[in-house]
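Residue numbers (the working numbering), protein chains in the order written: chain A, 1 to 109; chain B, 1 to 275.
Here it is in structure tokens:
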């Protein structure tokens, strides 16, 4: 799993590629913690090149969302591919996350 | 124990140890402990059976967590909406109070002054934020029952209390409580409105309640209301000075007004900087 970062307006975008599983989840968790500690509360995770996400990965998304919501910020997920989108739906994430094409599309952002 | 279904981790070989660990983690999850402990067991280095069960458990845990979080979000949203409804209702009721004020110049500033003073007094008497808000609301609404007064009551008259209107006047706390009775969020403020003309000696109106049945919020309102009434210019009398009004309050503390409330308003008025 690789993570690259960019800035889109007020959003800090984390472009994630590869597999988010039990092995790579700690790295994502550490990266998310770093950007939150730097004061970012508007974070987008670009999932367009994520091939697979396990429960360990989903858990990081959920804890990051909770952390940002508690700071009046938000975590949005952008462009998940078909199978990843399906996992997000199964886990019920489509009801608690904003899933968009790009962070700028978000009306509530 | 022969025939026992209980899992006994007797052989801690390489093959059974992860399964042993998995069962321990599952038990913790079942008890509501959603820690990350299950996640290492979903890694590719784990035996396949352990990995598959752990991932399935992990997904179930995440689903439950996501659902719980969604419920928390919804509850927050409902609280927010409820607060909005409450505020809107307060505005509607305040509009009623303003409609009353439009009929009577005196009432206009009076309501605002009484609620402001009552709020300060409640703070000095050690009430918490919520209780203070109920006292303030009571102040805003305490004379709402006057909306039912016939017009002649608002017109200037020579004597302070011509006998034909006394009967009307003593009805207003009850009328007020009747108007407001269905607004649940007013809580104790409803009773403050009903009791703001009751007296510690039991000679108040409308019910002549004994001292121990008059809520503190109503006692505060009674003092704030009377002080403002005495110090405001009326068609039939010039307003008294603070000193004279305070003297009357102190003289009748214990009979007409609650002594602690009188002490508190005195403290507030003495600390007020006179320009």
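Every residue gets a Cβ at the ideal spot worked out from N, C-alpha and C, and that includes glycine. Note that the coordinates shown come from a computational prediction; the quantities given were computed from them, not determined experimentally.
Please identify the residue among the options whose C-alpha is closest to the C-alpha of residue i.
i                      : options                      : result
residue 205 of chain B : B:184, B:168 and B:186       : B:168
residue 258 of chain B : B:17, B:235, B:196 and B:175 : B:196
residue 18 of chain B  : B:52, B:190, B:102 and B:127 : B:52
residue 179 of chain B : B:241, B:215, B:22 and B:96  : B:96
residue 55 of chain A  : A:22, A:89 and A:86          : A:22
residue 194 of chain B : B:186, B:90 and B:218        : B:218
residue 110 of chain B : B:263, B:242, B:90 and B:228 : B:228
residue 243 of chain B : B:267, B:260 and B:255       : B:267
residue 50 of chain B  : B:75, B:22 and B:170         : B:22
residue 200 of chain B : B:69, B:141, B:215 and B:144 : B:215
residue 96 of chain A  : B:100, B:64, B:255 and B:236 : B:64
residue 185 of chain B : B:240, B:71, B:131 and B:75  : B:131
residue 36 of chain A  : A:66, A:8 and A:51           : A:66
residue 86 of chain A  : A:9, A:102, A:40 and A:58    : A:58
residue 101 of chain A : A:68, A:74, A:39 and A:48    : A:48
residue 94 of chain A  : A:70, A:61, A:68 and A:17    : A:61
residue 234 of chain B : B:188, B:108 and B:129       : B:108
residue 9 of chain A   : A:50, A:40, A:24 and A:89    : A:40
residue 61 of chain B  : B:74, B:72, B:47 and B:32    : B:32
residue 51 of chain A  : A:88, A:6 and A:5            : A:88
How would you list, in chain order, the residues of chain B whose beta-carbon sits under 9 Å from the beta-carbon of residue i?
i                      : result
residue 100 of chain A : Result: empty, since nearest Cβ-Cβ is about 18 Å, beyond 9 Å.
Please list the partners that residue i has in chain B, where partner means a Cβ-to-Cβ separation under 8 Å.
i                     : result
residue 96 of chain A : 66, 69, 70 and 73
residue 18 of chain A : Residues of chain B passing the Cβ test: none, with the nearest at roughly 14 Å.
residue 82 of chain A : The premise fails here: residue 82 of chain A is roughly 18 Å from chain B at the closest Cβ pair, so nothing lies under 8 Å.
Which residues of chain B have a Cβ atom closer than 7 Å to the Cβ of residue i, listed in chain order?
i                     : result
residue 25 of chain A : 39
residue 30 of chain A : Chain B residues near residue 30 of chain A: none, gap ~13 Å exceeds 7 Å.
residue 58 of chain A : 62
residue 91 of chain A : 59, 62, 63 and 66
Under the assumption that residue i contacts residue j (Cβ atoms under 8 Å), give the Cβ distance between them as a whole number of angstroms.
i                      : j                      : result
residue 148 of chain B : residue 175 of chain B : 5 Å
residue 127 of chain B : residue 135 of chain B : 7 Å
residue 264 of chain B : residue 124 of chain B : 5 Å
residue 262 of chain B : residue 183 of chain B : About 30 Å; that fails the 8 Å criterion.
residue 31 of chain A  : residue 53 of chain A  : 15 Å between Cβ atoms; not a contact.
residue 91 of chain A  : residue 66 of chain B  : 6 Å
residue 12 of chain A  : residue 20 of chain A  : About 18 Å; that fails the 8 Å criterion.
residue 172 of chain B : residue 202 of chain B : Actually they are not in contact, since the Cβ atoms of residue 172 of chain B and residue 202 of chain B sit about 19 Å apart, beyond 8 Å.
At 9 Å on the CB atoms, spell out the chain A contacts of residue i, in chain order.
i                     : result
residue 58 of chain B : 22, 54, 55, 56, 58 and 59
residue 84 of chain B : Under the 9 Å cutoff, chain A gives no residues; its nearest Cβ is about 18 Å from residue 84 of chain B.
In chain A, which residues lie with their C-beta within 8 Å of the C-beta of residue i?
i                      : result
residue 116 of chain B : Near residue 116 of chain B there are no residues of chain A at all, since even the closest Cβ is about 32 Å away, more than 8 Å.
residue 55 of chain B  : 54 and 55
residue 101 of chain B : Going along chain A, no residue has its Cβ under 8 Å from residue 101 of chain B, so there is no contact; the nearest lies around 39 Å.
residue 42 of chain B  : 21, 22, 54, 55 and 56
Tell me whether residue i, by its Cβ, gets closer than 7 Å to a heavy atom of the ligand GDP.
i                     : result
residue 82 of chain B : As for the ligand GDP, it is missing from this structure, which has no ligand bound.
* Unbroken beta strand (DSSP E) runs of length 3 or more, entirely within the segment 29-105 of chain A: which are they? -> Whole beta strand (DSSP E) segments, 3+ residues: 42-53, 74-78 and 98-100.
* contact_flag[the segment 204-223 of chain B, the segment 246-261 of chain B] where n(CB pairs < 8 Å) is 3 or more -> yes
* Asked: Between the segment 36-47 of chain A and the segment 42-49 of chain B, are three or more C-beta pairs nearer than 8 Å?
  -> Between the segment 36-47 of chain A and the segment 42-49 of chain B, the count of C-beta pairs closer than 8 Å stays below three; the two stretches do not touch.
* **Entirely enclosed alpha helix (DSSP H) segments - the segment 216-241 of chain B, minimum 4 residues** => 216-231
* **Contact the segment 28-39 of chain B vs the segment 53-64 of chain B: 3+ CB pairs below 8 Å** => yes
* Taking a Cβ distance cut-off of 7 Å, strictly less, list which residues of the segment 60-78 of chain A are near chain C, in chain order. => No chain C is part of this structure, whose protein chains are labelled A and B.
* **Whole runs of the alpha helix (DSSP H) within the segment 6-74 of chain B, excluding any shorter than 4 residues** => Fully enclosed alpha helix (DSSP H) runs of 4 or longer: 17-30.
* Asked: Looking at C-beta atoms only, is the number of pairs between the segment 81-93 of chain B and the segment 73-89 of chain A that lie closer than 8 Å three or more?
  -> no
* To do: Say whether the segment 205-215 of chain B touches the segment 116-130 of chain B, bearing in mind that this needs 3 or more beta-carbon pairs closer than 8 Å, one atom from each stretch.
  => The segment 205-215 of chain B, when compared against the segment 116-130 of chain B, does not touch it at the 8 Å Cβ threshold.
* To do: Return the chain-ordered ranges of every beta strand (DSSP E) run that is complete within the segment 88-173 of chain B and spans a minimum of 3 residues.
  => none
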